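> Sharing a structure below in structure tokens format, with a few things to ask.
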């Protein structure tokens, strides 16, 4: 049997008694980083055989694990933090087990995305997990387009060195005025949640260099966001109509940013170009 065991995302006390029991009794533990998992097990006095299973060796290591499972071995799969198989190569091992008729069970534990979601103050009834955005430009633009059109709360993961680029890309894709929460150090002593619009949170991290892994929770597309799909001529007519009513460039940009869910700065530039 394969056990999918959730491990702490920051606080050691979040490893469940059941997880400790399973990790203590399986024949081996498959993990991303044997050193990191070794420290976790040592903290709880667990002595277990560790084998490496990660993104770069999942094909070769996965086939060996399947062979052991077929022989009747009890194997626990863990990730560096959180639940294996979520934005994690464990997904592939689970698929292999299902294809081979090998029993799989889960020993639930912390999940960074869900932890951040409940801290965000946003809609938790319906949500969408995006995880890490692609690095490649074409794929990234495609995924950003999907996120921009998603009407439910979206959960993203991001590394500190890419955080500002991702926030900038969200703004460029028309999401600058959407609410977002940026969570870091979850469950740890210095846990931090920065809330605001995408543009406000961007400004914060331009002043305070980001550190640690981040979970971003982004509000969904406003219900009236269909107005963002107006043709260039229709957008122009709306802007000129507001100007004819005496609104300043700043007020037009602010009004349309709220109504269309777009970046206030980008709209300000667009309005300025049209009425100059």
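Numbering (our numbering), first residue to last: 1392 to 1667. Cβ atoms here follow ideal geometry from the backbone N, Cα and C, with glycine treated the same way. Bear in mind that the values here come from a model prediction, so they are computed numbers and not experimental data.
Mind the definition here: the stretch 1515 to 1527 touches the stretch 1488 to 1495 only if three or more C-beta pairs lie below 8 Å; say whether that holds.
no
> Do you know offhand how far residue 1530's Cα is from residue 1555's?
Sequence index remark: in the chain shown, residue 1530 carries index 139 (1-based). Sequence index remark: in the chain shown, residue 1555 carries index 164 (1-based). C-alpha separation (whole angstroms): 18 Å.
> Roughly how many whole angstroms lie between the Cα atoms of residue 1511 and residue 1459?
Looking up residue 1511 in the chain shown gives position 120. Looking up residue 1459 in the chain shown gives position 68. So the alpha carbons of these two residues sit roughly 42 Å apart.
> Evaluate residue 1608 with the Cβ neighbour count: other Cβ atoms within 10 Å of its Cβ, from every protein chain shown; 16 or more gives buried, anything less gives exposed.
One-based indexing of the chain shown puts residue 1608 at position 217. Per the 10 Å Cβ criterion, buried.
> Residue 1727 by DSSP, collapsed to three states: which one?
Past the boundaries of the shown model lies residue 1727; the chain is included only from 1392 to 1667, so the question cannot be answered.
> Quick check: residue 1567 and residue 1655, are their CB atoms within less than 9 Å of each other?
Numbered from 1 along the chain shown, position 176 holds the residue referred to as residue 1567. Numbered from 1 along the chain shown, position 264 holds the residue referred to as residue 1655. Yes. Within cutoff.
> Taking just the CA atoms, how far does residue 1398 sit from residue 1515?
In the chain shown, counting from the first residue as 1, residue 1515 sits at position 124. In the chain shown, counting from the first residue as 1, residue 1398 sits at position 7. One C-alpha to the other measures close to 23 Å.
> Grab the span of the beta strand (DSSP E) containing residue 1544 for me, first residue to last.
Reading the chain shown from its first residue, position 153 is the one you call residue 1544. Per DSSP, the unbroken beta strand (DSSP E) holding residue 1544 starts and ends at 1544 to 1549.
> How big is the Cα-Cα spacing for residue 1653 and residue 1507?
Position 262 of the chain shown holds residue 1653. Position 116 of the chain shown holds residue 1507. So the alpha carbons of these two residues sit roughly 24 Å apart.
> When you compare each of 1635, 1666, 1637, 1629 to residue 1648 by their alpha carbons, which one comes out closest?
For the purposes of this step, residue 1648 is taken as residue 257 along the chain shown, with counting starting at 1. When only C-alpha atoms are compared, the closest one is 1629.
> Return the residue from the list 1541, 1561, 1540, 1413 that minimises the CA-CA distance to residue 1549.
Looking up residue 1549 in the chain shown gives position 158. Checked all of 1541, 1561, 1540, 1413; the closest Cα to residue 1549 is 1561.
> Exposed or buried, which one is residue 1617 when buried takes at least 16 other CB atoms within 10 Å?
Along the chain shown, one-based indexing puts residue 1617 at 226. In this prediction, residue 1617 has a pLDDT of 44, which is less than 50 and means its spatial position is unreliable; what the coordinates show is noted afterwards. The residue in question, residue 1617, is exposed, as its Cβ has fewer than 16 Cβ neighbours within 10 Å.
> Unbroken alpha helix (DSSP H) runs of length 4 or more, entirely within the stretch 1538 to 1598: which are they?
1554 to 1561, 1589 to 1598
> Taking Cβ to Cβ, would you say residue 1572 is nearer than 9 Å to residue 1586?
Residue numbering aside, residue 1572 sits at position 181 when the chain shown is read from its first letter. Residue numbering aside, residue 1586 sits at position 195 when the chain shown is read from its first letter. Contact: yes.
> For residue 1435, which beta-bridge partners are listed by DSSP?
Within the chain shown, residue 1435 is the residue found at index 44, counting from 1. In DSSP, residue 1435 forms no bridge with anything.
> Taking residue 1521 as part of the beta strand (DSSP E), name the residues at either end of that continuous run.
Residue 1521 sits at position 130 when you count from the first residue of the chain shown. From DSSP, the beta strand (DSSP E) with residue 1521 extends over 1518 to 1523.
> According to DSSP, simplified to helix, strand and coil, what is residue 1618?
Here residue 1618 corresponds to residue number 227 of the chain shown, with the count starting at 1. At residue 1618, the pLDDT of 48 sits below 50, so the modelled position is not reliable; the number obtained from the coordinates is stated separately. If DSSP states are grouped into helix, strand and coil, residue 1618 belongs with the helices.
> Residue 1481: which of 1425, 1412, 1445, 1576 sits nearest, CA to CA?
On the chain shown, residue 1481 is found 90 positions in, with the first residue counted as 1. Checking every option, the nearest Cα to that of residue 1481 belongs to 1445.
> Please name the residue in 1660, 1419, 1635, 1415 whose C-alpha comes closest to that of residue 1644.
Translated into the one-based positions of the chain shown, residue 1644 becomes position 253. Out of 1660, 1419, 1635, 1415, 1660 has the C-alpha closest to the C-alpha of residue 1644.
> Provide the residue span of the alpha helix (DSSP H) that contains residue 1406, from first to last.
Stepping through the chain shown from its first residue, residue 1406 is reached at position 15. Taken as a continuous stretch (DSSP letters only), residue 1406 belongs to no alpha helix (DSSP H), as it is neither H nor E.
> When we look at the beta-carbon of residue 1637 and count the other beta-carbons within 10 Å, is it buried (16 or more) or exposed?
As a first step, residue 1637 must be located in the chain shown, where it is residue number 246. Under this definition residue 1637 is an exposed residue.
> Considering Cα atoms alone, identify which of 1667, 1473, 1464, 1456 is closest to residue 1416.
The sequence position of residue 1416 within the chain shown is 25, counting from 1. With distances taken between Cα atoms, residue 1416 lies closest to 1464.
> Apart from the five residues just before and just after residue 1426, which ones in its own chain have a Cβ nearer than 7 Å to its Cβ?
What you label residue 1426 is simply residue 35 of the chain shown in a count that begins at 1. Hits under 7 Å: none found.
> Taking DSSP as the reference, what is the three-state secondary structure of residue 1500?
The sequence position of residue 1500 within the chain shown is 109, counting from 1. Residue 1500: coil per DSSP, three-state reduction.
> May I ask which residues mark the beginning and end of the beta strand (DSSP E) holding residue 1659?
Numbered from its first residue, the chain shown carries residue 1659 at position 268. Note, residue 1659: premise wrong, no beta strand (DSSP E); alpha helix (DSSP H) at 1655 to 1666.
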